[in-house]
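First the structure, in the form of structure tokens, and then the observations on it.
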Amino acid sequence: MKKTISVSLMLASSILLSSHVSAAEAPKPGAQMPVEMQQMVKTYSPELRQKVMALSPELKGTIQKLHAGHTRRAKETNLRQIMHEILSEYQSIASALATDNAEQAAEAARRLANHRIPKGGLLAYFPLDKVNTNDLSVLPTMNDIVEGSALKLADAADKGDLPMAATYMSEIMTGCVACHQKFRGVPGVSANLMTPTSK
Ligand code: HEC
25 MKKTISVSLM
35 LASSILLSSH
45 VSAAEAPKPG
55 AQMPVEMQQM
65 VKTYSPELRQ
75 KVMALSPELK
85 GTIQKLHAGH
95 TRRAKETNLR
105 QIMHEILSEY
115 QSIASALATD
125 NAEQAAEAAR
135 RLANHRIPKG
145 GLLAYFPLDK
155 VNTNDLSVLP
165 TMNDIVEGSA
175 LKLADAADKG
185 DLPMAATYMS
195 EIMTGCVACH
205 QKFRGVPGVS
215 ANLMTPTSK
């Protein structure tokens, strides 16, 4: 009996030891998640946490990069409020272009591209059934269309080429619309209307 215990102890410690060694060589699955994302995930409900943990490592890296590409973090602001900020910037660009104000256009476009990241990050506000590798894989494309075009608009404005800058307005809006069709659902629906919604 004594022997069995000591043998199994030896076995256990060697397993522990070897797993320790291999852990040093290759990080555990949870550790592949970037630190900022790990912090965010801690604040998620169990349902959302499970969905985020199940995303492919590549997509987790991509989402982390998207977050890291934005230097401004909101403390309490939610995604809907940030979206209204983004809309304000878009309107500011339109106003600037209409009034031949290249500097205002460039600055507002760069603020739009570097919008604040809402409390908890983007995923916290997406419908749960859209938090999967397949649906979220379009995020970098949406980002390129909206923020890439905004940065191109800013560059054109810097060069004083407002006609060129103006062409990017529709590209940006195409990205807003595409993302909304996929991830926004139907905003402002009343729970107290008896007629079903048309969508
Ligand atoms: C990455 C996807 C994505 C992109 C790109 C995006 N939005 Fe949104 N937007 C959302 C989601 C999701 C919501 C719903 C947020 C909520 O209600 O919590 C939303 C909500 C909004 C709202 C709040 C009111 C409403 O209708 O729900 C406004 C305003 C808005 N977006 C404007 C814009 C504008 C302008 C752009 C482009 C410059 C844009 N969005 C680009 C995902 C996106």
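Those letters in the sequence shown? Residues 25 to 223, per the numbering used here, in order.
Glycine is no exception: its CB is placed at the ideal position from the N, C-alpha and C atoms.
In this text the structure is predicted, and so the values were computed from the model without any measurement.
Quick one: give me the first and last residue of the alpha helix (DSSP H) that residue i is part of.
| i | result |
| --- | --- |
| residue 114 | 103–122 |
| residue 158 | 157–160 |
| residue 167 | 163–167 |
| residue 191 | 186–207 |
| residue 217 | Looking at the DSSP string, residue 217 is not in any alpha helix (DSSP H), and its letter there is neither H nor E. |
| residue 57 | It is not in any alpha helix (DSSP H) - residue 57 carries neither H nor E in the DSSP assignment. |
| residue 75 | 70–77 |
| residue 136 | 126–137 |
| residue 143 | No alpha helix (DSSP H) holds residue 143; DSSP gives it neither H nor E. |
| residue 183 | Counting along the chain, residue 183 falls outside any alpha helix (DSSP H), and DSSP gives it neither H nor E. |
CB of residue i to nearest heavy atom of the ligand HEC: below 8 Å?
| i | result |
| --- | --- |
| residue 83 | no |
| residue 68 | no |
| residue 208 | yes |
| residue 211 | yes |
| residue 91 | no |
| residue 111 | yes |
| residue 87 | no |
| residue 156 | no |
| residue 114 | yes |
| residue 149 | yes |
| residue 141 | no |
| residue 76 | no |
| residue 138 | no |
| residue 204 | yes |
| residue 94 | no |
Is the distance from the Cβ of residue i to the Cβ of residue j below 9 Å?
| i | j | result |
| --- | --- | --- |
| residue 129 | residue 177 | yes |
| residue 116 | residue 98 | no |
| residue 87 | residue 147 | yes |
| residue 151 | residue 101 | no |
| residue 64 | residue 77 | no |
| residue 162 | residue 79 | no |
| residue 186 | residue 126 | yes |
| residue 83 | residue 165 | no |
| residue 181 | residue 120 | yes |
| residue 106 | residue 134 | no |
| residue 91 | residue 61 | yes |
| residue 200 | residue 114 | yes |
| residue 192 | residue 173 | yes |
| residue 103 | residue 68 | no |
| residue 206 | residue 159 | yes |
Quick one: what's residue i bridged to in DSSP?
| i | result |
| --- | --- |
| residue 87 | Answer is none; residue 87 lacks a bridge partner. |
| residue 96 | For residue 96, which the question treats as bridged, DSSP gives no partner whatsoever. |
Are any of the Cβ atoms in chain D nearer than 9 Å to that of residue i?
| i | result |
| --- | --- |
| residue 139 | In the structure shown, chain D cannot be found, because there is only a single protein chain. |
Quick one: is the Cβ of residue i within less than 8 Å of any heavy atom of the ligand FAD?
| i | result |
| --- | --- |
| residue 104 | The ligand FAD is not part of this structure, which contains only the ligand HEC. |
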